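Okay, so the sequence shown: first residue is 1 according to UniProt numbering, each after it adds one.
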Amino acid sequence: MLPLLNAEKGNSVLKVKLREYQKRALEIALTKKRAVIVMPTGSGKTIVAGAWLEELKRRGELGKALVLEPTRILVDQNSLVLSEKFEVEAKPLHGGKSETEKRSALKAEVVVATPEEAVNFPDLLKEVNVLVVDECHHTTGKDAYVKVVELVKAEWRLGLSAFIPPNRKEMIEKYIGEIIVWTYENEEILRYMPKWIGEVYESPLCKECMEYYQKLKEMWASSAGRIRGLYALAMRFLARDGALALAESAKKGTLLSHLLREIEGLEKCTRSCPVHKLPHLERVLNDHPFEKAIVFIDRVVVARFVAEKLGAALVVGKRSGKVKLEEVKKASIIVSTSAGEEGIDLPEADLLVIWSNTSSTLRLIQRIGRLLRPKQGKMKFLVFIATPETVDMDLLIEGLEMAKRVGVDAHVDVKVLRRLLRKSTAGSVMEALKGRPLYEEFIAELAAIPLTRLKRILNRLGKEGIAAYLYGPAGKLWFLQEDAHLVWSELEDYLTPCPGAWVHVKETGNKGLPGRVAEELGKRVPVGPLTVKVRARLEGMEIFDVRKYNFLISEPEVAKLVVFNASSRGLLGC
Numbered sequence: 001m002l003p004l005l006n007a008e009k010g011n012s013v014l015k016v017k018l019r020e021y022q023k024r025a026l027e028i029a030l031t032k033k034r035a036v037i038v039m040p041t042g043s044g045k046t047i048v049a050g051a052w053l054e055e056l057k058r059r060g061e062l063g064k065a066l067v068l069e070p071t072r073i074l075v076d077q078n079s080l081v082l083s084e085k086f087e088v089e090a091k092p093l094h095g096g097k098s099e100t101e102k103r104s105a106l107k108a109e110v111v112v113a114t115p116e117e118a119v120n121f122p123d124l125l126k127e128v129n130v131l132v133v134d135e136c137h138h139t140t141g142k143d144a145y146v147k148v149v150e151l152v153k154a155e156w157r158l159g160l161s162a163f164i165p166p167n168r169k170e171m172i173e174k175y176i177g178e179i180i181v182w183t184y185e186n187e188e189i190l191r192y193m194p195k196w197i198g199e200v201y202e203s204p205l206c207k208e209c210m211e212y213y214q215k216l217k218e219m220w221a222s223s224a225g226r227i228r229g230l231y232a233l234a235m236r237f238l239a240r241d242g243a244l245a246l247a248e249s250a251k252k253g254t255l256l257s258h259l260l261r262e263i264e265g266l267e268k269c270t271r272s273c274p275v276h277k278l279p280h281l282e283r284v285l286n287d288h289p290f291e292k293a294i295v296f297i298d299r300v301v302v303a304r305f306v307a308e309k310l311g312a313a314l315v316v317g318k319r320s321g322k323v324k325l326e327e328v329k330k331a332s333i334i335v336s337t338s339a340g341e342e343g344i345d346l347p348e349a350d351l352l353v354i355w356s357n358t359s360s361t362l363r364l365i366q367r368i369g370r371l372l373r374p375k376q377g378k379m380k381f382l383v384f385i386a387t388p389e390t391v392d393m394d395l396l397i398e399g400l401e402m403a404k405r406v407g408v409d410a411h412v413d414v415k416v417l418r419r420l421l422r423k424s425t426a427g428s429v430m431e432a433l434k435g436r437p438l439y440e441e442f443i444a445e446l447a448a449i450p451l452t453r454l455k456r457i458l459n460r461l462g463k464e465g466i467a468a469y470l471y472g473p474a475g476k477l478w479f480l481q482e483d484a485h486l487v488w489s490e491l492e493d494y495l496t497p498c499p500g501a502w503v504h505v506k507e508t509g510n511k512g513l514p515g516r517v518a519e520e521l522g523k524r525v526p527v528g529p530l531t532v533k534v535r536a537r538l539e540g541m542e543i544f545d546v547r548k549y550n551f552l553i554s555e556p557e558v559a560k561l562v563v564f565n566a567s568s569r570g571l572l573g574c
């Protein structure tokens, strides 16, 4: 038995308490030096990898480690997991990082990267002596995974996967190591498994389509009214469903088609990648063992294209008459539109893929409730495919929030969700707020988004503890919580408390003078939303005021701002 896993001593080295099957997996990985651990999604493979890296560091074997992840989301998420839960320095490296961030990541003892980005740094690959390959079933053919594992000469190798396709077994064992499998039927693992697992796959637009998307965005920002709404619709069609959907809209003889024809580049975009999400859908299907998969695509033209490419059953509505219930029951893959799911009683599935991200809570709940019914001994999956740096990311975030409400664990860390927000429309809002407090109308103008949508974004940023507001002379003044010190310097006179003001924070019970309450409240961070009641005197009269701060306070300095704002001379006029 390894000293690290000594049951009598407990986890004297590890900060994370390992389950028994994780301990066995760790011992195998350390003993064999080159191994592939196959466990169900949600069983804690990343924890095994973190414990493996930490033990190698303790032994003095960890020189330079590279952890490969298939998506930017997983890079961000798992670099955080490794840094926070284990005694290793891990930093993320992917195409969405700035040059400064990349240089910093390359200096870390554990670099967590997408293979597409890692292959751009040959000096890094030469230095690596410890390699972790997450989702290692991608190691096949001309995949970037293969390029990296061929170039890396690491003695220590650990592969992680939920499923190894039989046709890839030989190559994976060649490049990484012996495959050891724990299945869903394993009772020790089964008791830790949720009813289903949620995952996110990123699917970027190709260069030609991203250029066209940016043109649409520019036209949208410079237009108004109905025209602006049509440009927004076009952006959604392109990012969410694909160029094929937008090309169909351009042929319909509508005002939208007229607007699209005036912008050069749609034909080039459609030729380059008519349905940019298809390769990632194929990867989803290859990554997951399933008996029946259902893919939801809103646009019929895209659904038909995808169904034909996959050889799948197509369900587009009860009027089509082309799909019989018997055919659907026999098919292993079903492609359905929203009209299709209403027109036929779709069967139960163990893999549900959301191609067209939706902002409809009801629709998502209906899909999950109908298709992902719990089944003893069988894991089920909900997969979102989303386009980064576009409005589709907004829809994804809303989808993740909805999934959480109905009990689906999407395995997206809160800090990663914040990074996802930066890739959505919320990113432009955060950029507008950087370094200064602003009223909502000014933010909407700077970020070039409708006021109604801005309010939803600000509420979300507040809920995540990213943004906050104070009550100013003309309404709510929003700011980034990380910039709280700048707000003090700009609004110091306005925030001076009324003489003798008495403050009561309803939710926490803190009472007293503003300074004392602010200090006590700062120790409770994170905290919120809050209701702050204030009693003060104005020209011999006693005045009362109540203010609601509907956001999560994530910084002690913001707690002080809230208390001083509620009791301020500027607000109360004392």
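Using N, Cα and C, we set each Cβ at its ideal position, and we do this for glycine too.
None of these values were measured; they are calculated from a predicted model.
With 16 other Cβ atoms within 10 Å as the buried cut-off, status of residue i
i	result
Ile86	Before going on, a small fix: residue 86 reads as Phe here, not Ile. Label assigned to Phe86: buried.
Met541	exposed
His94	buried
Phe544	exposed
Asp123	exposed
Thr270	buried
Val81	buried
Asp493	exposed
Leu571	buried
Glu464	buried
Lys17	exposed
His258	exposed
Lys277	buried
Ala243	buried
Lys380	buried
Residue i: first and last residue of the uninterrupted alpha helix (DSSP H) it sits in
i	result
Thr452	Leu451 to Lys463
Met210	Lys207 to Ala221
Thr270	Leu266 to Ser272
Thr425	Thr425 to Leu433
Lys23	Glu20 to Lys32
Gly515	Pro514 to Gly522
Ile189	Glu187 to Leu190
9 angstroms Cβ cutoff met for residue i and residue j
i	j	result
Glu127	Phe384	no
Ala559	Arg524	yes
Asp392	Arg236	yes
Val67	Ala90	yes
Val429	Ile397	no
Leu561	Leu470	yes
Ala118	Ala144	yes
Val315	Ser336	yes
Val130	Lys64	yes
Glu55	Leu26	yes
Leu205	Thr390	yes
Asp483	Arg535	no
Continuous beta strand (DSSP E) stretch holding residue i: start and end
i	result
Met541	Met541 to Tyr549
Ala467	Ala467 to Gly472
Val534	Leu530 to Leu538
Trp488	Per DSSP, Trp488 belongs to no beta strand (DSSP E); it is in the alpha helix (DSSP H), Ala484 to Leu491.
His504	Trp502 to Val505
Leu352	Leu351 to Ile354
Residue i - DSSP class collapsed to helix/strand/coil
i	result
Glu202	strand
Ser336	strand
Ile297	coil
Phe442	helix
Pro279	helix
Gly343	The pLDDT assigned to Gly343 is 48, lower than 50, so where the model puts this residue is not dependable, and the model offers no usable value.
Ser568	strand
residue 610	With the chain covering 1 to 574 only, the question about residue 610 has no answer from this structure.
residue 641	Here the chain has residues from 1 to 574 only, and residue 641 is not among them.
Val316	coil
Lys380	strand
Ile263	coil
Lys292	coil
residue 635	No information on residue 635 is available, as it lies outside the stretch 1 to 574 that the chain covers here.
Lys511	strand
Ala386	strand
Leu4	With a pLDDT of 40 at Leu4, under the threshold of 50, the predicted position of this residue should be treated as unreliable, though the coordinate-derived value follows. If DSSP states are grouped into helix, strand and coil, Leu4 belongs with the helices.
Leu495	coil
Contact with chain C by residue i, beta-carbon distance below 9 angstroms
i	result
Glu218	The structure shown has no chain C; it contains just one protein chain.
Exercise for the section: Identify every run of the alpha helix (DSSP H) within the UniProt domain "Helicase ATP-binding" (26-182), keeping only runs that are complete inside it and at least 4 residues long; order them along the chain. Expected result: 45-59, 72-85, 99-106, 115-118, 122-127, 144-151 and 169-175
Exercise for the section: List in chain order: all unbroken alpha helix (DSSP H) runs of 4+ residues lying wholly within the stretch 223-251. Expected result: 225-236 and 243-249
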